[in-house]
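Chemist: Taking this note's numbering, the leading residue of the sequence shown gets 28, the next gets one more, and so forth.
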Amino acid sequence: MAGETVITVQGNLVDDPELRFTPAGHAVAKFRVASTPRTFDKSTNEWKDGDSLFLTVSAWRRLAENVAESLHRGDRVICRGQLKQRSYEDREGIKRTVYELDAEDVGPSLQRATAAVTKTTGQRNGQQQNSGGYGQQPANDPWATGNTAAGQWGAYVGEPPF
């Protein structure tokens, strides 16, 4: 990644991620993110929206599949990756330049939402791999009590009592 421009963009999905596969079988998900700056105007005592930045994001392989399965239009996301510039000529022969984000990481923003994280299993050397991640308890876990967060704190509304 030496010399690449790495940025983080926070915004809302403009459309559902579109999952496709290359001829070699690699998954790629494309979606657009709208990021709108918001400032507080003290003279009117209200929030004002600035001009929106619309950025096309590409996610590849496992990330692409996870994005397509997890995120939908309107979801607030945080995307981190390499900013790419691409130039082309449109149908009228006018030279255009677009900026796109080649995502290294994409996730939901938890500022105004919650998310249930489920760790995916992977393939390594043709064998199924399960690392006992989020929401899973390995068979040899001596601390496993069978209490889930909902079971343990289900009687409480809001935050746990500590």
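Glycine is no exception: its CB is placed at the ideal position from the N, C-alpha and C atoms.
Report the rounded CA-to-CA distance for T141 versus G38, giving the unit in angstroms.
Modeler: Indexing the sequence shown from 1 puts residue 141 at position 114. Indexing the sequence shown from 1 puts residue 38 at position 11. Distance between the alpha carbons of T141 and G38: 16 Å.
Chemist: Under three-state DSSP, which class holds S97?
Modeler: Counted from its first residue, the sequence shown places residue 97 at position 70. If DSSP states are grouped into helix, strand and coil, S97 belongs with the helices.
Chemist: Does A130 come out as helix, strand or coil in the three-state DSSP assignment?
Modeler: Within the sequence shown, the letter at position 103 stands for residue 130. The answer is strand: DSSP assigns A130 an E or B state.
Chemist: Under the rule that 16 or more other beta-carbon atoms within 10 Å means buried, what is G160, buried or exposed?
Modeler: One-based indexing of the sequence shown puts residue 160 at position 133. With a pLDDT of only 45 at G160, under 50, the local geometry of the prediction cannot be trusted, and the value read off the model is given with reservation. Exposed, by the Cβ-count rule.
Chemist: In angstroms, rounded to a whole number, what distance separates the CA positions of E127 and R107?
Modeler: The count along the sequence shown starts at 1 and reaches residue 127 at position 100. The count along the sequence shown starts at 1 and reaches residue 107 at position 80. About 12 Å.
Chemist: Output the boundary residues of the beta strand (DSSP E) element that contains L40.
Modeler: Indexing the sequence shown from 1 puts residue 40 at position 13. From DSSP, the beta strand (DSSP E) with L40 extends over 33 to 40.
Chemist: For the putative contact between T35 and R59, defined by C-beta atoms under 8 Å, what is the C-beta separation to the nearest angstrom?
Modeler: The residue you call residue 35 lines up with position 8 of the sequence shown. The residue you call residue 59 lines up with position 32 of the sequence shown. That pair is no contact at about 16 Å.
Chemist: Measure the CB-CB distance between R123 and L40 and report whether it falls below 8 Å.
Modeler: On the sequence shown, position 96 is the one that residue 123 refers to. On the sequence shown, position 13 is the one that residue 40 refers to. Result no, Cβ atoms of R123 and L40 do not sit closer than 8 Å.
Chemist: Can you confirm whether the segment 55 to 74 touches the segment 83 to 97 when touching is taken to mean that 3 or more C-beta pairs between the two stretches lie within less than 8 Å?
Modeler: As far as the Cβ criterion goes, the segment 83 to 97 touches the segment 55 to 74, which means the pair count is three or higher.
Chemist: Considering only DSSP beta bridges, list what I105 is partnered with.
Modeler: Sequence index remark: in the sequence shown, residue 105 carries index 78 (1-based). Its beta-bridge partners are Q37, G134.
Chemist: Could you check where the beta strand (DSSP E) with D43 kicks off and where it finishes?
Modeler: The sequence position of residue 43 within the sequence shown is 16, counting from 1. Run containing D43: none; DSSP gives neither H nor E here.
Chemist: Using the beta-carbon count (16 or more within 10 Å), is V104 buried or exposed?
Modeler: Counting from 1 along the sequence shown, the entry for residue 104 is found at position 77. Under this definition V104 is a buried residue.
Chemist: Could you work out which residue in K111, D68, D43, F48 is closest to A130 when comparing CA atoms only?
Modeler: Mapped onto the sequence shown, residue 130 falls at position 103. A130 has its Cα closest to that of K111, out of K111, D68, D43, F48.
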